[in-house]
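Peer 1: With this note's numbering as the guide, the letters of the sequence shown map in order to residues 1326 to 2596. Glycine included, every Cβ here is placed at the ideal spot set by N, Cα and C. One structure, pasted below without further comment.
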Amino acid sequence: MTDDWTSLPDFDPVVGAPDARTGDDQIGDLQASEQHFWAVIETMAMAGLVVDANGHILLCNDYLLTLTGWQRHEVVGGNWLELFIPASDRQALSELLRAAVGQSQGAVRHETEILTRSGDRRLIAWNTTVLTSATGLVQRFTSVGPDVTHQRQVAPRQGHKSRLQPVLANLPGVVLRYVQHPSGADDITYVSTGCVDMWELEPEQLLGQPQRLWLSIHPEDRSTVQGLLQSSGATLTPWFCEWRLLTPSGRQTWLQGMGCPECLANGDIAWDIVVLDISDRKHTEQALVSANQQMQAFIDNSPALVSIFDANGRYRRVNQATAAQFGLHPEDVVGRSFADLLPPSVLSVFMERVQHIVTTQTSLTVEDTLYLQGEQRVFSSVLFPVSLEADGTPILGSVATDITPLVKAQEALRRQAEEEHLIRTITQHIHQSLEVKQILQTTVTEVRQFLQTDRVLIYRFNADLSGTMAVESVLPPWDATFGLTVEDTCFLTKPGLAHRYRRGRTHHIDNVAEANIDPCYRALLKRFQVQANLVVPINCGSHLWGLLCAHHCRGPRQWQPKERALLSQLADQVAIALQQSQLLAQTSALAQQEKLLNNIISAISDSLELETLLQRAATEMLHTFAASRGLVILCQATDQVLVHTNTASTPGFDSLQGQVIPIEGNPHAQRVLAEELPVVVDDVRAEPMLLPNLALAQELNIGAILAVSIRYRGEVKGILSVHHCPGPRCWSEAEIKLIKRLADHLAIAIHQAELYAQAQIELTERKRLEAQLRYDASHDRLTGLPNRTLFLERLAQALEHLHHHCPNHCSPVGATFDGAPDLCCDSGTDTCFESVPASEMPQALSCANRQFALLFLDLDRFKVINDSLGHAMGDQLLQVVAQRLQTCLRPADVAARLGGDEFVVLLSNISDAAVAVTMAQRIHAILESPVLLQGHEVFVHASIGIALSATTYTDPNQMLRDADIAMYKAKGSNREYAIFDAPMHTMVMQQMELENDLRRALERGELRLYYQPIVNLATGTVQGFEALVRWQHPRRGLVPPLDFIPVAENTGLITALDLWTLNEACRQLSYWHRELPHSRPLTVSVNLSGKQFVRPDLIQQIDAALSRNHLQGQHLKVEITESVLIQNAQMAIDLLKQLRQRRIQICMDDFGTGYSSLSYLHRFPIDVLKIDKSFITHLHHSGPSTDDYEIVKAIISLATNLNLTVVAEGIETGEQVAYLQAHQCQGGQGYYFSSPLSVKDATAFIAQLPAPNLDPAKTETACRESTGPTA
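Put into C-alpha cells, the structure is as follows:
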C-alpha cells in the first residue's frame, strides 16, 4: 500500500491561487496552530485525521477513536488504509487520491466506509485536503467528515418519524426533509423548530416554500450548494456542504449541511438533512490563518536572524535576515546542515549548545563573534526548544540580533574614555606642576600604559641636532635608553625630515622588517630592538624641541589613526608645558634682570660715587649671570691701556682688581671697543682673536667671555665684561641683551639723554602703530588692496561729487534704461553737446570729466584651484591677481578686494562706457595669462560686471549691487563682461520672487507629479513610469521645470523637492498596485539631484518611502546624472551598492551629454543607461551615416558589452523606434508613446494595459489613442 502513496506524481503550486504559500509553509502553520486546530475539530461531531505522504497516521481526533474503538497510541504511526479501509476499497481510494493530486486539486470529497475495531462498518463522507511543498511534492493529507451511516437506514425508519419529532426538535441545529420531483420542482416537507433561531423563519414559512431557503443562501455560495445537491441526487451519494446564510435581519452566519439522498417509489429524490451553525468554528479558523500570516510576516521581515532547526543541526526554516548572512536566499538554506554553512570551529560550539538545550529543555542566551562574508560581526542569540516531531526529533529555534554596531560603539566609548582620562591626567599635571621633568615622566608612563606598548620615550634635540633620551617608560626585558645621546645620521643628513616634523607631520612604521627605510635608520631601530614605532614631533612654536616616540619591541604593530592623533594631541600638551616652563624661566630671568637694573638705577639715584656704583654693578652682575667674575674695565686717558677698575669674583678665582690690560696687541679688546654690541666668546680656546692672549686666559682659568663697550655719546669709556671659569659656556640671547642694557645704564653721563631718546623712540613707534592700524582697518591684509570699507568710502565720495557737479545726470554714461535716450552723452562721441545750451556748456564739460564706472570681478573656478592646490596656493594666486590688476589701472583709479575671489575697480573721470569696456577687456586679457605657482601652471578667467555712474544712485551699495548683478549676468552667459541695465534688476527681482514662491509651494501643495511611460521596445509593453515634477502656480499657471529647478538647486530647496517627489511617486505606485492589480510589475523612476545624492540620510529616506507604501526595492528606479558620480566617486560607489542590495535599479540619466567616459562606467554598479533626447531627436533628420546615428549605435553597443539596459529618451517618430529596435535598444520613452501624464490620465492609461504593439504603422495610433488628449 505504501507504494501507492509514494508513487503519487509531483506537481507545481497553482499560479494565482488565493493562498500562495508553499506546502512547507502550510505544514509549518499547521504545526504552529495544532492545538487550536484540533480544539475546533473536537467540537464537531465528525471524524478527523492527518496522514503523511506514505499513508502513516500523524493525528486523529477523539470522535474517530470513539467511533472505531481504537486507542490513540494504537493508531498514530500506523497505515490508515490497513487500519480503517476495507481491503476491497483500498485500491479505489488510492486511485481517487492519486487522481486528485495529478489534477492539482486542493481538496476532494468522497464517501468511504471505515472498519471499527470490532469489524463493524461505518460510512464517512470525507472531505480530504492535499498539502504540497514548493516543489510540488505531497506532504500531508487532512481528512474530515461526518458519520452518515444512519442515513442509509432512513427509509426503514420513516414509520417512526412521528415518535422522533420531539427528539428532532431538541437536536442542535435544524433537521429538514428536502424533496426534488422528476419535473424539477422541489419541496420542503419537514423542518424542525430550530429553523426559527437559524433562519429567523417559522417552520410554516419554509414548509412547501423551498425558494425561501434558496434566497437565504449568500449569492456567492448559492450555485455551489445547488451544484453539490444536484450531484448528490444524480449519484445517490451523501451530500455535504458549507455555505453562508443571510437572515431577514441582515445577520450572516456559516452553516454546514449533510444528508443522504433516497430515491422514492414515485421517482422523487428525498434528503433528510442536518444543518449546523458553524460560525464559531469558521471565525476561529480565520483568526488562526490571520494570526499565522501575521506571525510569518513578522518573522520574515524581522531584522533579527530567526531560524528553526532540528537536533541534528539541519535548518528547517530561516528568515531573510538569516539567509543574507550566508549570501543566500531562505529557500537555499532550508534543508542544509550547519556543517554546510558554518566553519568547523563554530560548528562544534553550536552543536554542543544544541545538545545542551535538548538535554535540559531550557533556553540559552549567548554572544558570538563570527566572520561572515569576510566581515567580523557580533551576535546576541537566544536558543530555545520548540517542539517534538512525530518521530521524536527535537525541533529548536534561535533568534539572533546583530549587535556589532552596539559593541563597536561601546568599544569606541571605552577607548574615548581612556583617551580623555589620559589627556585629563597629563593636563592636570601640567596645570598642577611646573616641574618639566615630572610632567614628561608622567606623560611617557601614561602613554605606554594606554598604548600597551613596550617603550615610550621623549627624545630632546641638542644644538647640533643630536638627541638625548630625556625620559622614558620601558617594560622588561627591553633595554632602557634613558640618558643616552644619539646621533641619527639619517636625520643629520636629511634636513627635510626636520622640516616635516616642524610642520607637525607624524611618522610611523608598522613593521620595521618590511619597511622601506634607510639602512642607517634601520640600524638605529635595531639597536633599540624596535619592530614598530610611532614618532610625533614636539614643537614649541616654530622650534622643534624633541620627539615623542612609542616603540613596540615584541613584534610588528599596526598603529591606528586615532592613536597617532592622540599622541599628536599629547605632544601639543607637552609643548604647552615646555612653553610654560620656558616662560617661567624667562620670567624669572627677566625679574632677576629687572632687579639688577633697578639696583643699578637706584644706585645711580642714591649715590654720586662712581666707584661705589661700579662696584655694586660688578657684584650684582656676578650673581645675576651666575658667573665667576664680574668686571668693569675703564679706559685710561692715553687710550692705550685698560684698567680693571672694579671687579667681583666667586671664591676660588683670582680677582683682577687694579690690573692693567694693554690695548695694543689685544685683538679681542680692540674688537669690544670698536663694536657697540656685546662680543660673545663661548669657548676661549676656539676664539682666534684671543690666541695672542690665550696663555693669560688659561692662567686665569677663563673659559668663556661676554663683553660690551660702555659708551657715552659715542665715546668709549670702558668695557663691561663677565667671565665664566673654567670651561666653555653658551651665552643666551637674554644675557647678551642684559649686559648691553647694563652698559647703557652705567653710562651715567648720558643716562638722561638715553631716557629721552628712548621716549622719542616709543613715541615714534606708537605713531607708526597707529598709522599701521588705520591702514590695516582699510586695506586687505593678503593683497594690500583697499578693502570693502575704504572702497565704499571712495565710491560714496565719487557719487557725492557727481550729485554736486552733475545734478541732471540721470542715466549711466553711454547707456539707456527702458528705451529712454541718454541725456548726457552719445556712444560715438565723448559728450553730446548738440542738446546742451551754450550757457550750460562749461557744466557739461565738467560733468563729462566727473563720470565714473564700477567694475565687479569674480574669478571663475577659483574654488577648484583652492581645493585642489591648497589655500596657500590660492592666496598666492589672489596676490598675483591683485598685482596684475594694479598694472592695468590709471593713477586715479582704485582697485579693492571685497573678500574671497571678488575684486572691484573704480574707474574715475571716464568719458563714456567704451572706456569701461576697454578697461574690462584689458583686465580680462591680462588675467588670462597663465600663472606659475610652485610648478603648477594655473589659468585665471574672470567674469566682469560693469555699473555706470548715475545720479539715481543714492547709496554706494546700490551701485555695488548692480555691478554684482551684471557680473552674474556675464558669468551666466559665458561672456567676458556685461553692463548693468534695468532689465537685469527686474530679472533678479523676478528670480527672488520665484524663489520665495517656490519655498511656499511645498507647504501649499502646489507641486504635481506627471508620469511618462517607459516602453519595452521589443515587446511593446509598458515597463514603468518616470515621475516628473510640475509646479501648478496659483498665478503663473503650470511652471515648467526649466524655470524652477535651477532656482531650487541654487537655493538648496532641491533636497526637499527630491524627497517630496520620492515619497509622492512611491505613494502613487502603491495606490496603482493596490487598486489595479495588473499594474504590479510596473516600476517608477525618480530623479535625484547631486545635493540629495550626497545626503547622509538618503538610504534611510528611500527605505522609509518604500516601507511606508509597502513597496519592494525592485519597484523603484533612481535616476542620476554623470556629474553626480564624478564629484565623489568612492562615496557614490558605496551608496550605489547599498541601493543595489535593496534591488533598486540605478539609471544613468542624460548619458552622452556629460563625461560619457568608459573609465567610470565599469566602476559603478549602474543598471540602465538613458540616451539623452538630443541624440534621438535628430535620428530622422539625416541619413544613417550621421554622427547622431553613430553615437546612439555606439552607446547601445557599449551598454550591451557592459550588460546594461538602454532606454532612449525623447522618441517622437516611428523611424526612431525602428532604428532603435534594429540596434537592440531595450526601452524608450517620449511623445511618440505618451506625453507626461497627470495622475488621473496615468491611472486611465494603466487601466488600458497591456501596452500597444510597436509596429511603426500601428504603434503611433494605438499609443496616441490610449493616452487621450494629453498625448
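By the three-class DSSP mapping on this structure, what secondary structure does Asp1511 have?
Peer 2: DSSP places Asp1511 in strand when its eight states are reduced to three.
Peer 1: Apart from the five residues on each side of it in sequence, which residues of its chain come closer than 7 angstroms, Cβ to Cβ, to Leu1298?
Peer 2: With the chain covering only 1326 through 2596, there is no way to say anything about residue 1298.
Peer 1: State the DSSP-derived secondary structure class of Gln1505, mapped to helix, strand or coil.
Peer 2: In this structure, Gln1505 counts as strand in the three-state DSSP scheme.
Peer 1: Report the rounded CA-to-CA distance for Gly1373 versus Phe1565, giving the unit in angstroms.
Peer 2: Their Cα atoms are separated by approximately 15 angstroms.
Peer 1: Around the Cβ of His2128, are there at least 16 other Cβ atoms within 10 angstroms (buried) or fewer (exposed)?
Peer 2: With fewer than 16 Cβ atoms within 10 Å of its Cβ, His2128 is classed as exposed.
Peer 1: Per DSSP, what are the beta-bridge partners of His1993 in this structure?
Peer 2: For His1993, which the question treats as bridged, DSSP gives no partner whatsoever.
Peer 1: Once DSSP output is grouped into helix, strand and coil, what is the label at Val1659?
Peer 2: It is coil, neither helix nor strand.
Peer 1: Starting from Leu2202, trace the alpha helix (DSSP H) in both directions and tell me its first and last residue.
Peer 2: Unbroken alpha helix (DSSP H) run through Leu2202: 2196-2213.
Peer 1: Which term fits Pro1628, buried or exposed, when burial requires 16 or more other beta carbons within 10 angstroms of its beta carbon?
Peer 2: Its Cβ having fewer than 16 others within 10 Å, Pro1628 is exposed.
Peer 1: Quick one: what's got a C-beta closer than 7 angstroms to Pro2281's C-beta in the same chain, skipping five residues either side?
Peer 2: Correct list, in chain order: Leu2117, Leu2120, Ala2121, Leu2124.
Peer 1: Look at the alpha carbon of Asp2459 and the alpha carbon of Phe2476, and state the distance between them as a whole number of angstroms.
Peer 2: Going from the Cα of Asp2459 to the Cα of Phe2476 covers about 21 angstroms.
Peer 1: Excluding the five sequence neighbours on either side, which residues of its own chain have a C-beta within less than 6 angstroms of the C-beta of Gly1660, listed in chain order?
Peer 2: Counting only Cβ-Cβ distances below 6 angstroms, and skipping sequence neighbours, we find nothing.
Peer 1: Tell me where the beta strand (DSSP E) around Ser1705 begins and ends.
Peer 2: First-last of the beta strand (DSSP E) with Ser1705: 1700-1713.
Peer 1: How big is the Cα-Cα spacing for Tyr2081 and Leu2088?
Peer 2: Because the pLDDT at Tyr2081 is just 45, under 50, the model does not fix this residue reliably, and the point stays unresolved.
Peer 1: Tell me which same chain residues have a C-beta within less than 6 angstroms of the C-beta of Val2041, skipping the five on either side of it?
Peer 2: Same-chain partners within the cutoff: Leu1998, Ser2034.
Peer 1: For Leu2384, tell me which candidate among Pro2406, Leu2431, Pro2371, Pro1886 has the shortest Cα-Cα distance.
Peer 2: The candidate whose alpha carbon is nearest that of Leu2384 is Leu2431.
Peer 1: Within 10 angstroms of its Cβ, does Asn2434 collect 16 or more other Cβ (buried), or is it exposed?
Peer 2: Asn2434 comes out buried.
Peer 1: Under three-state DSSP, which class holds Asn2026?
Peer 2: Of the three classes helix, strand and coil, the one that applies to Asn2026 here is coil, per DSSP.
Peer 1: Mind reading off the beta-carbon distance from Glu2320 to Thr2376? Whole number of angstroms is fine, and I expect it under 8 angstroms.
Peer 2: Yes, Glu2320 and Thr2376 are in contact; Cβ-Cβ is about 6 angstroms, under 8 angstroms.
Peer 1: Just to confirm my understanding: we take His1485, look at its own chain, exclude 5 residues before and 5 after, and list those with CB closer than 8 angstroms. What are they?
Peer 2: Here the model assigns His1485 a pLDDT of 48, short of 50, so the residue's position is not dependable and the matter cannot be decided.
Peer 1: Taking a contact to mean a Cβ-Cβ separation below 8 angstroms, would you say Phe2305 touches Ala2272 in this structure?
Peer 2: Closer than 8 angstroms, so yes.
Peer 1: Just to confirm, are Asp2474 and Asn2412 a CB contact at a threshold of 8 angstroms?
Peer 2: Result yes, Cβ atoms of Asp2474 and Asn2412 sit closer than 8 angstroms.
Peer 1: Quick one: give me the first and last residue of the alpha helix (DSSP H) that Arg1642 is part of.
Peer 2: Not the alpha helix (DSSP H): Arg1642 falls in the beta strand (DSSP E), residues 1640-1643.
Peer 1: Go ahead and label Pro1471 buried or exposed: buried means 16 or more other beta carbons lie within 10 angstroms of its beta carbon, across all protein chains shown.
Peer 2: Label assigned to Pro1471: buried.
Peer 1: Expressed to the nearest angstrom, what Euclidean distance is found between the alpha-carbon atoms of Val1499 and Arg1569?
Peer 2: Spanning the two alpha carbons is a distance of roughly 15 angstroms.
Peer 1: Between the Cα of Ile2607 and those of Ala2011, Val1811, Arg2036, spot the shortest distance and give me the residue it belongs to.
Peer 2: The shown model of the chain, from 1326 to 2596, leaves out residue 2607, and the question about it has no answer.
Peer 1: Apply the 10 Å Cβ neighbour rule to His1876 and answer buried if 16 or more other Cβ atoms are within range, or exposed otherwise.
Peer 2: Result: buried.
Peer 1: Thinking just about the alpha-carbon of each residue, which of Arg1397, Ala1910, Asp1727 is nearest to the one in Ala2059?
Peer 2: Minimum Cα distance to Ala2059 is reached at Ala1910.
Peer 1: Give me the Cα-Cα distance between Arg2215 and Ser2103, rounded to the nearest whole angstrom.
Peer 2: If I take the Cα positions, the gap works out to 21 angstroms.
Peer 1: Starting from the Cα of Thr1694, find the closest Cα among Val1724, Val1732, Phe1409 and give me that residue.
Peer 2: Checked all of Val1724, Val1732, Phe1409; the closest Cα to Thr1694 is Val1732.
Peer 1: Of the residues Lys2062, Arg2247, Gln1898, which one's Cα is nearest the Cα of Asn1864?
Peer 2: Checking every option, the nearest Cα to that of Asn1864 belongs to Gln1898.
Peer 1: Just curious, the alpha helix (DSSP H) that Asp1625 is in, first and last residue?
Peer 2: Element bounds for Asp1625: 1604-1626.
Peer 1: Considering only residues of the same chain and omitting the five flanking positions on each side of Ala1432, which have a CB-CB separation below 6 angstroms?
Peer 2: So the list reads Thr1454, once near-sequence residues are dropped.
Peer 1: What is the residue span of the beta strand (DSSP E) that Tyr2556 lies within?
Peer 2: Careful: Tyr2556 lies outside any beta strand (DSSP E) and carries neither H nor E.
Peer 1: Hey, would you say His1824 sits closer than 8 angstroms to Leu1859, going by beta carbons?
Peer 2: No, the Cβ-Cβ distance between His1824 and Leu1859 is not below 8 angstroms.
Peer 1: For Gly2224, tell me which candidate among Met1371, Leu2203, Val2240 has the shortest Cα-Cα distance.
Peer 2: Closest option to Gly2224, Cα to Cα, is Leu2203.
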